[in-house]
Amino acid sequence: MHDEAERLLRIQDDFERFRAATRLLVDLDDLILEISRIRNESASRMQISPVAPAARPDEALPDDARAVLACIRRTGVTRFRRRDVFRRLARRFKTVAAMLPALDLLEAAGYIRKVETVTEPGQPGRRRSPEYEVRL
56 MHDEAERLLR IQDDFERFRA ATRLLVDLDD LILEISRIRN ESASRMQISP
106 VAPAARPDEA LPDDARAVLA CIRRTGVTRF RRRDVFRRLA RRFKTVAAML
156 PALDLLEAAG YIRKVETVTE PGQPGRRRSP EYEVRL
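In this text, residue positions in the sequence shown follow this note's numbering: the first is 56, and each later residue adds one.
So, in structure tokens, the structure goes:
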């Protein structure tokens, strides 16, 4: 990793350095997702007793995360806002803060990915709710 950073610093052309850094970030993002999946699979296997039948990965998730995942699957969307899921699950989660651990767990497991939205300064109103991309 250190070698990659040094290689980026040696690139003289700013545009080429930017492209190389972007490619590296995408590769790192994919690697992090794969490592998270492997970590979560290992953790779920350690908690399964030997006499229990093999569980689907969704069944290894906590109830709150499974409820959020089921909501996402029911809607069939490829992108969603945190606010939309909260509205659909308002009976289960009293506050958005109570729902955040479930979203964080789904993101770490690779089911969803937070998308950075660009907001222009000077727009009236509140900031938009964070947006997620479904990666099922």
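All C-beta atoms in this analysis are idealised placements derived from N, C-alpha and C, irrespective of residue type, glycine included.
Exercise for the section: May I ask you to list the residues that DSSP assigns as paired with Ile167? Expected result: DSSP output for Ile167 lists Val189 as bridge partner(s).
Exercise for the section: Give a yes or no on whether the C-beta atoms belonging to Ala157 and Ala120 are separated by under 8 Å. Expected result: Against a cut-off of 8 Å, the Cβ pair of Ala120 and Ala157 comes out as a contact.
Handout entry: Sub-8 Å separation of Ala145 and Ser91 beta-carbons
Key = no
Exercise for the section: Please name the residue in Arg143, Asp85, Arg147 and Ala152 whose C-alpha comes closest to that of Ile167. Expected result: Asp85
Practice task
Inspect the beta-carbon positions of Pro179 and Lys169 and report whether they are closer than 8 Å.
Solution key: Not closer than 8 Å, so no.
Handout entry: Closest by C-alpha distance to Glu114, when choosing among Pro176, Asp58, Arg65 and Ser99
Key = Ser99
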